[in-house]
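Worksheet: one structure, shown below.
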Amino acid sequence: MGRRGIKEYRAPEALALIAADRERTLLVCPSCGTRSIQRVPRRRSHGGAPLVSERVTLTCQTCGRHASYIERGGAEPPRDSTMDPHPLASRK
33 MGRRGIKEYR
43 APEALALIAA
53 DRERTLLVCP
63 SCGTRSIQRV
73 PRRRSHGGAP
83 LVSERVTLTC
93 QTCGRHASYI
103 ERGGAEPPRD
113 STMDPHPLAS
123 RK
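The sequence shown stops at residue 124 when you use the numbering used here, and every number in between is there.
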């Protein structure tokens, strides 16, 4: 049985919606097809990246489904230096 009362997008739908939001394209609900997606917090008018990481919630006003993700701030360093790809040193 599913969780009652919680209307979340399925993973592929949520990923598509989040990708569209990050690319700043028109947000269309992948479930019901309407353009009534509400973004909280709203985008800033200057269009720059946020200074701090913040949680973004995308909610369809028609069907009530939602998805959330963390938008990374521009001033934060990588979480871990081992996550950066390092070129392999040539072996002699």
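Cβ coordinates follow ideal geometry from the N, Cα and C atoms, glycine included.
- Message: By the three-class DSSP mapping on this structure, what secondary structure does residue 54 have?
- Response: If you number the sequence shown from 1, residue 54 lands on position 22. Note: residue 54 maps to helix in three-state DSSP.
- Sequence-distant residues of the same chain with beta carbon closer than 7 Å to residue 87, five excluded per side: The count along the sequence shown starts at 1 and reaches residue 87 at position 55. Here the set comprises 100 and 102.
- For the candidate residues 56, 51 and 62, whose alpha-carbon lies nearest to that of residue 42? For the purposes of this step, residue 42 is identified with residue 10 of the sequence shown, where counting begins at 1. The candidate whose alpha carbon is nearest that of residue 42 is 62.
- Task: Give the secondary structure of residue 59 by DSSP, where H, G and I count as helix, E and B as strand, and everything else as coil.
- Result: As a working mapping, residue 59 is identified with position 27 in the sequence shown. Coil, per DSSP.
- Along the chain, where does the beta strand (DSSP E) that runs through residue 86 open and close? By 1-based counting over the sequence shown, the position of residue 86 is 54. Residue 86 -> beta strand (DSSP E) spans 86-92.
- Task: Drop a sphere of 10 angstroms on the beta-carbon of residue 37, count the other beta-carbons inside from all chains shown, and report buried for 16 or more, exposed for fewer.
- Result: What you label residue 37 is simply residue 5 of the sequence shown in a count that begins at 1. It counts as exposed.
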